[in-house]
Amino acid sequence: LPLPEEAKSVSELQWDQAQHYLKRFYFHDTKTKDINSLVIKLKEMQKFFGLPMTGELNPHTIEIMKKPRCGVPDVAE
Amino acid sequence: YSLFPSSPKWTSRVITYRIVSYTSDLPHFVVDQIVAKALSMWSEQIPLDFKRVRFGTANIMIGFARGAHGDQYPFDGPGNTLAHAFAPGPGLGGDAHFDKDEYWTDGSSLGINFLVAATHELGHSLGLAHSSDPEAVMYPTYGNGDLLDFSLAEDDIKGIQRLYGKRNDL
């Protein structure tokens, strides 16, 4: 998956974890190579948590993804 | 607050629940008390009553499990996902599962407060999805806020009453 410019400070592991998170809680299709799909799901997650909807995997977004949480998705399938 | 797609809810006024397995972190009677308290927090707001059964199939089956445990959502060890529950319905519907690999507490020690998690998961069991209100019990992440006077938030009450109406409507 091509990484956007702003992702240079984000490790590959963090991207994997983020994709796993979005797949689980925001129904992100991890098989797609479309970066837009990932950005859309990131924005959806950021909107839910009241973060700026940048579509970037920034430290604040990563911090929320790491929090212990309920396993039920945040959005309706 | 938000509801699940198609807004599933229980249609009976009395909902049965059964605790099928426990954590070793808390005495059984404490788990029993906490589940009863969590359910009472919801039932105070809506015209539903909960009846505990000890055998057979209940509407809401509650249990602790680790790793794969018979649904499509295996637990992931300590941290991250703490628990999950299913919207009202037959079979798995309404059931609430808690990750046995977490350290569960009654609030008297460090760990995951079982009352908070149980109230949240049983909210799903009754038909509430996640809320984006950080003050709501139905907010998806586990917080470290003040748990001494833990109670439902206005948002939770609005959501559950949208499904079932108010208790004093009876």
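Chain order of the listed sequences is A and B. Going by our numbering, the letters in the first sequence line up with residues 1 to 77, in that order. Going by our numbering, the letters in the second sequence line up with residues 1 to 170, in that order. Glycine is no exception: its CB is placed at the ideal position from the N, C-alpha and C atoms.
Within chain A, no residue has its CB atom less than 7 Å from the CB of B/Ala68, the nearest being about 13 Å off. In the three-state reduction of the DSSP assignment, A/Phe25 falls in the helix class, which pools H, G and I.
The alpha-carbon separation between B/Gly89 and B/Ala129 amounts to approximately 14 Å.
Taking 8 Å as the CB threshold, B/Ala129 lines the interface with chain A. Counting along the chain, B/Tyr17 sits inside the beta strand (DSSP E) bounded by residues Val14 to Ile19.
For B/Pro140, at least one C-beta of chain A is nearer than 8 Å to its own C-beta. Chain-order list of chain B residues neighbouring A/Gly50: Ser132 and Pro134, by C-beta distance under 9 Å. Contact with chain B is absent for A/Ile62, since none of that chain's Cβ atoms lies less than 8 Å from the residue's Cβ. Contact between B/Phe4 and B/Gly127 holds: their C-beta atoms lie close to 6 Å from each other, under 8 Å. In the DSSP assignment, B/Ile60 falls within the unbroken beta strand (DSSP E) covering Ile60 to Ala65.
The count of Cβ pairs closer than 8 Å, one atom from the region 67-79 of chain B and one from the region 98-107 of chain B, reaches three, so the stretches are in contact. The contact set of B/Leu110 on chain A, defined by CB atoms closer than 9 Å, is empty, because the minimum CB distance reaches about 13 Å. Judged by DSSP in its simplified three-state form, B/Thr141 adopts strand. The beta-carbon of A/Gly55 is placed no less than 8 Å from the nearest beta-carbon of chain B. Any Cβ of chain A closer than 8 Å to the Cβ of B/Pro8 would place that residue at the interface, and such an atom is absent. Between B/Phe114 and B/Leu26, the C-beta spacing is below 8 Å. At least 8 Å separates the CB of A/Val39 from every CB of chain B. Contact with chain A is absent for B/Glu44, since none of that chain's Cβ atoms lies less than 8 Å from the residue's Cβ. Take the alpha-carbon of B/His84 and the one of A/Ser37: they are about 26 Å apart.
Distance between A/Asp16 and B/Gly67, taken at the CA atoms: about 21 Å.
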